[in-house]
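So for the sequence shown, our numbering puts the first residue at 17; every next one is plus one.
Working notes, structure below.
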Amino acid sequence: MRRIAVLAGAIAGLAIFGASPAFAQNDRTTCEDDKSDGKIAACTRLLNGSLSAKDREKFSNERGVGYFRQKEWDLAISDFNEAIRLNPKDNVLYGNRADSYRNKKEWDRALSDINRAVQLDPKNRRNYYIRGLTFYDQ
Numbered sequence: 017m018r019r020i021a022v023l024a025g026a027i028a029g030l031a032i033f034g035a036s037p038a039f040a041q042n043d044r045t046t047c048e049d050d051k052s053d054g055k056i057a058a059c060t061r062l063l064n065g066s067l068s069a070k071d072r073e074k075f076s077n078e079r080g081v082g083y084f085r086q087k088e089w090d091l092a093i094s095d096f097n098e099a100i101r102l103n104p105k106d107n108v109l110y111g112n113r114a115d116s117y118r119n120k121k122e123w124d125r126a127l128s129d130i131n132r133a134v135q136l137d138p139k140n141r142r143n144y145y146i147r148g149l150t151f152y153d154q
């Protein structure tokens with residue numbers, strides 16, 4: 017009887033862990049999908065797991081974008097902070113955080129971030145657009 021229970025547990029474990037990569041891949045796809053309703057939940061599940069620094073940065077940014085779209089500025093900023101901590105040379109992350117600060121009407125922080133983004137990549141037109149919006153909105 018004990019062998020059957022152990023065997024059943026092992027089979028259940030294989031089924032769960034064997035399915036795990038498929039679920040993780042679905043979460044990756046959903047987290048990376050800009051228009052998905054489940055974006056934040058999928059990114060959160062991924063961020064609660066064991067990730068490389070590069071993936072943690074990527075999924076923090078993706079979840080921040082999800083929060084941004086829901087106008088949850090503080091949550092978006094928190095995720096962009098984490099992404100920037102992991103990759104302080106990515107201009108897009110500063111641009112995303114700047115846009116969040118702009119929407120909160122925190123002009124000084126928005127301008128500081130967007131100027132940093134422009135400094136990191138002077139060819140990224142989106143950064144100039146956000147900077148222009150920030151000046152216009154003041």
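Each residue gets a CB set at the ideal place from its N, CA and C atoms; glycine is no exception.
Keep in mind that this is a model prediction, so the values were computed, not measured.
Next item on the list: Could you spell out where the alpha helix (DSSP H) holding aspartate 50 opens and where it closes?
Entry: It is not in any alpha helix (DSSP H) - aspartate 50 carries neither H nor E in the DSSP assignment.
Notebook entry, point to check: In angstroms, rounded to a whole number, what distance separates the CA positions of arginine 44 and leucine 67?
Noted result: 12 Å
Margin query: Below 8 Å on the Cβ atoms is my contact criterion, and I expect threonine 60 with arginine 79 to pass it. Report the Cβ-Cβ distance as a whole number of Å.
Written below: 6 Å
Checklist line | Contacting residues, own chain, Cβ-Cβ under 8 Å from leucine 62 (five flanking each side not counted) | finding: Ala40, Asp43, Arg44, Cys47, Asp71 and Phe75
Note to self: Please report the straight-line C-alpha distance between alanine 99 and tyrosine 110, rounded to a whole angstrom.
What the structure shows: 9 Å
Next item on the list: Can you tell me which of Val108, Arg118 and Asp53 puts its alpha carbon nearest to the alpha carbon of arginine 141?
Entry: Val108
Checklist line | Buried or exposed (CB count within 10 angstroms, at least 16 for buried), aspartate 124 | finding: exposed
Note to self: Less than 7 Å between the beta carbons of arginine 132 and alanine 126, yes or no?
What the structure shows: no
Next item on the list: Please go through the same chain and pick out, in chain order, the residues whose beta-carbon is closer than 8 Å to the beta-carbon of glycine 34, but skip the five residues on each side of it.
Entry: Model confidence at glycine 34 stands at a pLDDT of 38, short of 50, so the residue's coordinates are unreliable and nothing is read from them.
Check: How far does the alpha helix (DSSP H) with aspartate 106 in it reach, from first residue to last?
Finding: Unbroken run through aspartate 106: none, as it is neither H nor E.
Item checked: Assigned exposure category for arginine 85 - 16 Cβ within 10 Å defines buried -> exposed
Margin query: Between the alpha carbons of lysine 139 and tyrosine 145, how many angstroms are there, rounded?
Written below: 12 Å
Margin query: Going by beta-carbon coordinates alone, are alanine 92 and serine 116 separated by less than 7 Å?
Written below: yes
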